[in-house]
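Rendered as C-alpha cells:
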C-alpha cells in the first residue's frame, strides 16, 4: 500500500524567504507523486505532478519538486515566498499502474509573514 | 468549463436529520470521488465511482452514509441520521479515468456540514 508523510503540520516563513515543504512516500512500486494546494474555503488544486521522466518537476506559481527515489522524498520548494502562497499544501501518491485513487498526506499549513 | 459543482456550500442541521450533499462532476470525466476533511483526520476518501459504478466504499464510516451516482453528471452523498461527529467539509472530485488514476483530480469547493 502507498502512503505519504508530510513533516510539519505548520510551516512559517518570511516573505521572500525559501519555502520548503517536506514529503516522504512509501510505495512498493514506482509511484506517481502529486502536490495540491488548498486556499481558504476552496477545494484542492493541482500544483504539480511527477509520473515518469525528469525528476525535477516545475509547477504553477513558481513551485517545483524533486523526486528522489533513494530518499523516497518529493519535497516542494519555492525560492521566494509571497503572501499569496499562504495556504494548505497536500502531498499525494499513487501507484503507476493507475488503478487506485490518490492517497493524501495530512497537509502542511504554510504561513507567510510580512 | 464550470468545474466541479457542489451544493449546498453550507449546511447546518440538527442531530438525527437526513442530510443530502450533491455533486456535478466536470463533463466528460468518468471517475468521481467523495472526500471528507476534518482537522483531526485530514482528507479521507469515502467512496469513488468509475463510469457511475461504485468501485470502493470501504472509506464510508458507517451504514448511515450512502452514495449514489444515477448518471454521469450527478452524484449524492446522504447521511441518515446525522450526528455531530459528522461535522466536516465534504469534497467531491472528478477525473478522467481514461488517463488512469494519475489524472489530476478536480475538486469542488466543498460543502461545510455542521450537525448540532
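Chains as they are written, first to last, in the numbering used here: chain A, 1 to 114; chain B, 115 to 230.
Just so you know, even glycine gets a beta-carbon here, dropped at the ideal spot from N, CA and C.
CA-to-CA distance, residue 70 of chain A to residue 126 of chain B, given in whole angstroms: Approximately 48 Å, taken between the alpha carbons.
On a CA-only basis, which of A/40, A/56, A/101, A/26 is nearest residue 117 of chain A? Give me that one, please. Nothing about residue 117 of chain A can be reported from this structure: the residues present for chain A run from 1 to 114 only.
Would you give the residue range spanned by the beta strand (DSSP E) that residue 158 of chain B belongs to? Here the beta strand (DSSP E) through residue 158 of chain B covers 156-164.
Any beta carbon of chain B sitting closer than 8 Å to that of residue 101 of chain A? Closer than 8 Å to the CB of residue 101 of chain A there is at least one CB belonging to chain B.
Identify the residues that DSSP records as bridge partners of residue 113 of chain A: which are they? Partner(s): A/14.
Pairs of beta-carbons, one from the segment 182-192 of chain B and one from the segment 150-169 of chain B, closer than 8 Å: are there three or more? A contact between stretches requires three or more CB pairs, one per stretch, nearer than 8 Å, and the segment 182-192 of chain B meets this requirement with the segment 150-169 of chain B.
Is the distance from the Cβ of residue 2 of chain A to the Cβ of residue 31 of chain A below 8 Å? Yes, they are a contact pair.
Same chain, Cβ closer than 8 Å to residue 83 of chain A, five either side skipped, listed in chain order: The answer, listed in chain order, is 15, 112, 114.
Are there three or more Cβ pairs, one per stretch, closer than 8 Å when the segment 131-138 of chain B is compared with the segment 189-201 of chain B? Two segments are said to touch when three or more pairs of C-beta atoms, one from each, lie closer than 8 Å; by this definition the segment 131-138 of chain B touches the segment 189-201 of chain B.
Report the residue from B/143, B/203, B/230 whose alpha carbon sits nearest the alpha carbon of residue 116 of chain B. Closest by C-alpha distance to residue 116 of chain B, out of B/143, B/203, B/230, is B/143.
With which residues is residue 118 of chain B paired in a DSSP beta bridge? Bridge partners of residue 118 of chain B: none, in fact.
Residue 20 of chain A to residue 124 of chain B span [Cα, whole Å]: For residue 20 of chain A and residue 124 of chain B, the distance between alpha carbons rounds to 34 Å.
Using a Cβ cut-off of 7 Å, pull out every chain A residue sitting near residue 224 of chain B, in sequence order please. Those are 43, listed as they occur along chain A.
Any idea what DSSP makes of residue 193 of chain B, helix, strand or coil? In this structure, residue 193 of chain B counts as strand in the three-state DSSP scheme.
Interface partners of residue 110 of chain A on chain B, CB under 8 Å: Near residue 110 of chain A there are no residues of chain B at all, since even the closest Cβ is about 16 Å away, more than 8 Å.
Just grab the DSSP bridge partners of residue 228 of chain B for me. DSSP lists B/126 as partners of residue 228 of chain B.
Does any CB atom of chain B fall closer than 8 Å to the CB of residue 58 of chain A? Between residue 58 of chain A and chain B, the shortest Cβ-Cβ separation is not below 8 Å.
Please list, in chain order, all residues of the same chain as residue 202 of chain B whose beta carbon is under 7 Å from its beta carbon, the five residues on each side excluded. Excluding residues up to 5 positions away in sequence, 150, 151, 152, 227 lie with their Cβ nearer than 7 Å to the Cβ of residue 202 of chain B in the same chain.
Quick one, which residues of the segment 158-176 of chain B are near chain A if we go by CB-CB under 9 Å, in chain order? The residues in question are 158, 159, 162, 169, 170.
Residue 179 of chain B at chain A interface by Cβ criterion, 8 Å: For residue 179 of chain B, the answer is no, since every Cβ of chain A falls outside 8 Å of its Cβ.
Spatial neighbours of residue 86 of chain A in its chain, beta-carbon cut-off 8 Å, leaving aside the 5 residues before and after: Short of 8 Å from the beta carbon of residue 86 of chain A, and not among the five residues preceding or following it, lie these beta carbons of its own chain, in chain order: 110, 111, 112.
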